Amino acid sequence: MSKKDISRRSFLKGTAAAGASLAAASLLPRITMAEDEPTSEFKWERGVFTDEETGWQLCDLETGELNLEGRGANGANAAVAAGTPWAAKAGLDVLKKGGNAVDAAAAVAFAISVTEPQASGIGGGGFMTMRAADGTINFINFRECAPELCDQSFWPVVQDPETGRYSVVGGANGKGGRAIGVPGTVAGMAYAVEKFGSLPLADAVQPAIDLCENGFYIGPTTGVSLESAYTNIVAYPEFASIYTLPEEAADELGRFTYFTGDLFKNTQQAKALKLIQEQGRDGFYKGELQDAMIKASNKYGGVFQPKDFEEYEADLREPVQGTFMGKTVISSPLPSSGGTCIIQLLNVLEAFGVDKLKEYGHNSVEYIHVLSEAMKLVYSDRSKYLAANTEDALVKALMDKEYAKYLASLIKMDSCLTPEAHDPFQYEHQDTTSFAVADKDGNIVCVTFTINGYFGSYVAPDGYGFLLNNEMADYDSNPNSPNAIGKAKYPLSSMSPTIVLNEDGSPFLAIGSPGGATIIVAVLQIILDTVLFGMDMQEAVEQPRIADNASANLRYETRIPQETIDALVALGHKVTPYSGDWDRSSGSCQGVLYAADGTLHGGADPRRDNKAFAF
Ligand code: GLU
């Protein structure tokens, strides 16, 4: 196979469109570099992640097809499931060296910043849900927040006279300097390790520095997203400086950027990580890195001031809690809508009748119908009521079991609901990442964190090897929405790192997913699969998934039989297939389940480059 063939290949079933940009690459202008030439040292070496102990490989190097097998791992002591095998290994190594689950989680987060850079990293933010062996529950909010100078006039919006929908002129909430929120990941990890870790933060950063300096083989999901990002790589030279091959190599290979299977060293990001390693959170929020982030953001229209970074703080919050079939469900509070909506959905399904659902059977016509109706009801409430600063009383009312009974009474088995409100967050994302670390003593850390869209705002602080988020796109462009820009410090999120406990308080499950607003229903389905249907962790993660929301358009993975879909259409559902049997838009779930025999079962989603390890 020629090298050009490799560059043009679509690496993931169901993502054929992603390859298209490369087919035209030779016609595109040569990338203009930022002041510096790429600092990533070029070495033409190709390979795939290979587990030294088992020989398991992430994908086929020749075809780029992801390996659907062997993602889960069970162990007596601990399990880590994360967005790349490199990051999961980094977490496992910290545990083996005596670090606790929080130290390991921080190591995973920094390693993700290097090895899953399209999805998350130090330029973004997120949430951590924790349970300690003594039963203490904590939640850390490190969501990106709006800069102080951002108000309702930040982006001009237009309203479509026909649909009534609002949109931001030129998509300025999605890319460039005005899309960026103050990153929270470094503050979040520094806070977590200082308060709950057992090792210095520097130790959690080291595996990521090693990955930057020794290099790692780019996985298929990152490779495909680099292909898709080509136009923006051309438009943002600081972004280009991270991922373009040196000129000589580009000429030799007939392509401009690194792709799946290439050994990639991010010496730029090593520089940023060393500042964090040496100076802790100040190494990121002050000094040269602060300057570089402000300079880069404001070059592309941003309005950042030093105090936006200096005053950023991660904070400890009360997670939301509910119950389902006697188990306790603990998940994200505001600024995420995720936990509230998951608990509301579980309440509605419980009120509808879990025995009936079980009798209908997993992914049967009736089961999918009821789930879809519940999703429409809950997402309507979400778009109507939820913002980062919605008052507590309203959030509690949404999670009230009596209210759930009323909503469940609206579900009819012979017709479809037309929800009142339309959900402004109707589209799934394929970005973000979620991971879980758990040990035999019952210490659990579940983290979902993001830079929002793939490669975030496309703005990179020059010479530091990472992308800044475009989290501001999570505000609603409708000025009348509770989640309108300027009304709250944080844009509303859906990220839902969730922990489920048994009736006696012992741990049962940790689970999270990326997927924009679809996170909520991906996590919901894993809870139903494990709690209601008794599936094992990996089995649950691999089930075909569905999604619906207030726009009443039922999406489904095509492994669900066509006759099931036909029957749903006959009931009145508008349906749209996902692009394949395994579609990463339906979520990409990582979790750990405590099996009845006490072992830890790590589950990782084959829809992306995820992997679990255990010992
Ligand atoms: N920005 C989204 C949120 O906070 C996550 C994006 C995604 O998962 O794709 O909910």
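Residue numbering for the sequence shown follows our numbering, starting at 234 and increasing by one per position. The beta carbon of each residue, even a glycine, is placed where N, CA and C say it ideally should be. Bear in mind that the values here come from a model prediction, so they are computed numbers and not experimental data.
Under 8 Å between C-beta atoms of residue i and residue j
i	j	result
PRO777	ARG792	yes
ALA338	VAL825	no
GLY571	SER565	yes
SER812	ALA755	no
THR227	LEU631	No statement about residue 227 is possible, as the shown extent of the chain runs from 234 to 848 and does not include it.
ILE753	VAL562	no
LEU222	PRO568	What the structure shows of the chain is the stretch from 234 to 848, and residue 222 is not part of that stretch, so it cannot be assessed.
PRO839	GLU790	no
PHE429	GLU460	no
ASP336	ASP436	yes
VAL426	PHE517	no
ALA669	ILE575	no
PHE699	GLN502	yes
TYR612	ASN782	yes
ASP541	VAL415	yes
GLY452	THR317	yes
GLN385	PRO712	yes
VAL347	LEU444	yes
THR490	GLU349	no
ALA321	PHE846	yes
GLY471	ALA529	The identity of residue 471 in the sequence shown is Glu, whereas the question assumes Gly. Yes, the Cβ-Cβ distance between GLU471 and ALA529 is below 8 Å.
GLY805	SER597	no
ALA315	GLY324	yes
SER710	VAL467	no
GLY407	TYR533	no
GLY332	LEU434	no
PHE848	LYS329	yes
ILE718	TRP319	no
Top-ranked residue by Cα proximity to residue i, from the options
i	options	result
THR844	GLU446, CYS822 and GLY831	The question names Thr, but residue 844 in the sequence shown is Lys. Selected option, being the one with the closest Cα: CYS822.
ILE475	SER819, GLU295, ILE527 and PHE497	PHE497
ASN374	ILE798, GLU599 and LYS722	LYS722
PRO715	PHE517, ASP436 and ALA620	ALA620
LYS638	LEU627, ASN711 and PHE585	PHE585
ALA505	GLY520, ASP495, PRO740 and GLU278	GLY520
PHE282	LYS720, GLY448 and ALA743	GLY448
ASP842	VAL327, ALA352 and LEU328	ALA352
PRO730	SER739, TYR708, ALA641 and LEU757	LEU757
ARG411	ASP664, PRO380, GLY745 and LEU432	PRO380
LEU549	SER746, MET361 and ASP709	MET361
VAL733	GLU796, ALA828, ALA482 and GLU349	ALA828
ARG279	TYR450, TYR636 and GLY513	TYR450
ARG514	GLY535, SER667 and GLU544	GLU544
GLY748	ASP614, PHE766, MET728 and LEU742	MET728
THR296	VAL457, LYS532, ALA847 and GLY417	VAL457
GLU599	ALA468, GLU796, ALA462 and VAL327	GLU796
PHE688	LYS507, LEU301, THR665 and ALA671	THR665
LEU742	GLY368, ALA671, LEU301 and ILE718	ALA671
LYS807	GLN554, LYS591 and ALA780	ALA780
CYS292	GLU285, GLU286 and LEU301	LEU301
ARG364	ASN499, ASP588, GLY738 and ASP830	GLY738
Residue i Cβ short of 7 Å to ligand 2 heavy atom set
i	result
PRO747	No copy of ligand 2 occurs in the structure displayed; its ligands are ligand 1 alone.
Whole-angstrom C-beta distance between residue j and residue i, which should lie under 8 Å
i	j	result
LEU294	GLY494	5 Å
PHE372	PRO539	The pair is not a contact, with the Cβ atoms about 29 Å apart (cut-off 8 Å).
ALA334	VAL678	5 Å
ALA423	PHE343	Their Cβ separation, rounded to whole angstroms, is 11 Å, which puts ALA423 and PHE343 out of contact at 8 Å.
TYR697	LEU522	6 Å
GLY357	GLU377	6 Å
ALA366	ASP674	4 Å
LEU650	LYS609	5 Å
ILE345	GLY354	6 Å
ILE413	GLY535	6 Å
ALA482	TRP277	7 Å
PRO652	ALA803	Rounded, the Cβ-Cβ distance is 20 Å, inconsistent with contact.
### Segment contact, 8 Å Cβ cut-off, at least three pairs: the region 829 to 843 with the region 302 to 311
yes
### Query
For the 8 Å Cβ check, are there 3 or more pairs between the region 766 to 774 and the region 688 to 703?
no
### Message
Whether or not the region 696 to 715 and the region 679 to 686 are in contact is what I'm after, with contact meaning three or more pairs of Cβ atoms, one per stretch, closer than 8 Å; do they touch?
### Response
yes
### Task
Please confirm if the region 383 to 396 is in contact with the region 597 to 604, defined as three or more CB-CB distances below 8 Å between the two stretches.
no
### Message
Count Cβ pairs between the region 576 to 591 and the region 400 to 418 that sit closer than 8 Å; are there 3 or more?
### Response
no
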